[in-house]
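J.:
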Amino acid sequence: MIKVSPELVRIFLFNHPFEYKSTHRKICYPLLVRLIRKIEEGNEFEEIKVEDDIIINGHHRYIALKYLNEPIKIQIWKRSPTTEICPWDKVEVDINDWETLAQIERYRS
683 MIKVSPELVR
693 IFLFNHPFEY
703 KSTHRKICYP
713 LLVRLIRKIE
723 EGNEFEEIKV
733 EDDIIINGHH
743 RYIALKYLNE
753 PIKIQIWKRS
763 PTTEICPWDK
773 VEVDINDWET
783 LAQIERYRS
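Our numbering numbers the first residue of the sequence shown as 683 and each following residue consecutively.
#1: Relative to the alpha-carbon of Lys708, which residue among Ile745, Tyr749, Glu787 has its alpha-carbon at the smallest distance?
#2: So what's Asp776 in DSSP terms, helix, strand or just coil?
#3: Is there contact between the region 696-712 and the region 766-781, where contact requires at least three CB pairs shorter than 8 Å?
#4: With distance defined between alpha-carbon atoms, name the residue in Tyr749, Ser704, Asn751 nearest to Glu733.
#5: Following the continuous alpha helix (DSSP H) through Asn739, name the residue where it begins and the one where it ends.
#6: Have a look at Gln757 and Ile736 and give me their C-alpha separation to the nearest angstrom.
#7: To the nearest angstrom, how far is it from the Cα of Glu683 to the Cα of Ile721?
#8: Can you name the residues that DSSP bridges to Ile756?
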């Protein structure tokens with residue numbers, strides 16, 4: 683299993699060249715770790731939704747796949763006119779879990 687920590691994720695977001703731009707100002711570290719572990723176990727997820735070079739839905743999946751150097755599958759999607767870009771090096775890594783125990787159990791592999 684690949685090593686992952688909040689600090690390593692921050693460094694990754696700051697230094698990694700991303701093909702797609704973020705519209706999130708924060709990501710959930712516990713959710714990201716769960717996704718990384720599931721991908722390492724061989725689980726697959728739905729495509730990342732993008733318009734042009736902007737992620738509309740799938741930020742955590744995108745980061746997890748990039749962190750593991752896995753291929754990214756995309757689906758063309760339409761964004762809201764109010765969508766704002768947030769540079770990856772400005773995205774905050776929140777160590778608090780955004781999912782409830784019920785949500786975590788529901789998506790357990």
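By construction, the Cβ of each residue, glycine as well, lies at the ideal position given by its N, Cα and C atoms.
All values reported here derive from a predicted model rather than from experimental measurement.
T.: Judging by the given coordinates:
#1: Ile745
#2: strand
#3: yes
#4: Ser704
#5: First-last for Asn739: 736-739, but that is the beta strand (DSSP E), not the alpha helix (DSSP H).
#6: 11 Å
#7: Reading off the sequence shown, one finds Met at residue 683, where the question assumed Glu. Distance between the alpha carbons of Met683 and Ile721: 10 Å.
#8: Ile730
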